[in-house]
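These notes are about the structure you will find just below.
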Amino acid sequence: MDLLRRWREDRFVRPSPSDPRVLAAIEARMWQLLPADVEGVELSPVVPLGTCAAVTPQSQDRVVSTVRTAEVLSDSTNALAVEAADRRRRQPAGGEVHLAAGHRMLRAQRFPAGFGSHFRLFALVSSARDTGSGTTQARLLIRHLRFWRSVLPAGAAPRLLYTVFDSPVLRERVEDTVRPAVPVTEQPERGHGRGYYVEAALRIVAGGGEIGDGGFTTWTAQIMGDAKERCLVSCVSTERLAALGAQVP
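Under the numbering used here, the first residue of the sequence shown carries the number 74, and numbering increases by one thereafter.
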């Protein structure tokens, strides 16, 4: 039958080989480890058409579009940033928003062998107004880095890496504020993500490979029309975490 052939051959519909019980247990533990002021968001499987391309330099070719002016969620950090901007607009200027979501992504681009077109991410997005001297960015970095450090299994040799892009002020805050608070290693040679991320980028490594990344973006600033808004996004692949064979602490 054509249906069975497509089920076997279509990379968009083939089930993930990951054990859903393992994924659910890992995500349940991550929800438990989140600070109480981080609000969970159960995202829709679709977002407005053009969401990804509107806030990032990524091509629309990476997403799967629908016939109802929507696109299948390809990056939960984009959707969380839109939600964060909407919430921030209804807050006083000095407020801040911290959101989290666990969701399955679907991407149209082809990946190397061994990587599926759909996969689960656990993502964080924080948005707050810049208070000057890199203090807002430092506070957001500490928040995200502490969470990911609490999540990563110690037996998988976890490392948190950072790269500062052309921001001497933020570099100072990383040295005098962030690094004393959270063990993190500089990766000055990183060029990947420059332009997608601004000011600084993060890389989350465990088991000898990258399982997540993040960085500062201009997404909430663009959506809100406020250049003083600062947005930090970060995420890990739940399936890569599961593949390590180690339990979240």
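Even for Gly, the Cβ is constructed at its ideal location relative to N, Cα and C.
Here DSSP, grouped into helix, strand and coil, assigns Arg267 to strand. Judged by their CB atoms, Leu122 and Ala152 are not nearer to each other than the 7 Å cut-off. Between Ser240 and Ala196, the CB-CB gap reaches or exceeds 7 Å. About 6 Å separates the CB atoms of Glu112 and Leu172; that is less than 8 Å, so the two are in contact. Per the C-alpha coordinates, the member of Gly207, Glu169 and Gln182 positioned closest to Ala201 is Glu169. The beta-carbon separation of Arg222 and Ser199, rounded to 16 Å, does not stay under the 8 Å limit for a contact.
Between the stretch 254-268 and the stretch 290-307 there are fewer than three C-beta pairs closer than 8 Å, too few to call the two in contact. Excluding sequence positions up to five before and after Ala273, its CB lies within less than 8 Å of the CB of Gln210, Leu214, Tyr235, Thr236, Val237, Phe238, Ser240, Leu243, Val247, Gly288 and Phe289, all in the same chain and listed in chain order. Within 10 angstroms of the beta-carbon of Val86 lie fewer than 16 other beta-carbons, which makes it exposed.
Ser206 counts as exposed, since fewer than 16 other C-beta atoms from the protein chains shown sit within 10 angstroms of its C-beta. In the three-state scheme derived from DSSP, where H, G and I count as helix and E and B as strand, Glu259 is classed as strand. Rounded to the nearest whole angstrom, the CA to CA distance from Thr124 to Val140 is 15 Å.
If only uninterrupted alpha helix (DSSP H) runs of at least 4 residues are considered, those enclosed by the stretch 106-171 are 124-128 and 149-162.
Rounded to whole angstroms, the separation of the alpha carbons of Pro261 and Arg252 is 15 Å. Around the beta carbon of Gly228, fewer than 16 other beta carbons lie within 10 angstroms, which makes this residue exposed. The residue among Thr311, Gly298 and Leu305 with its C-alpha nearest the C-alpha of Ala166 is Gly298. For Arg193, the pairing in a beta bridge is given by DSSP as Arg177. Taking every protein chain shown into account, the CB of Thr311 has 16 or more other CB atoms within 10 angstroms, so this residue is buried. Look at Val278 here: in three-state DSSP terms it is strand.
Rounded to the nearest whole angstrom, the C-alpha separation of Ala154 and Val255 is 25 Å. Taking a C-beta distance under 7 Å as the contact criterion, Val224 and Glu156 do not qualify as a contact pair. Going by beta carbons, Leu314 and Ile277 fall outside the 7 Å limit. In the DSSP annotation of this structure, the continuous segment of the alpha helix (DSSP H) that includes Thr311 starts and ends at Thr311 to Ala316.
In the three-state scheme derived from DSSP, where H, G and I count as helix and E and B as strand, Ala97 is classed as helix.
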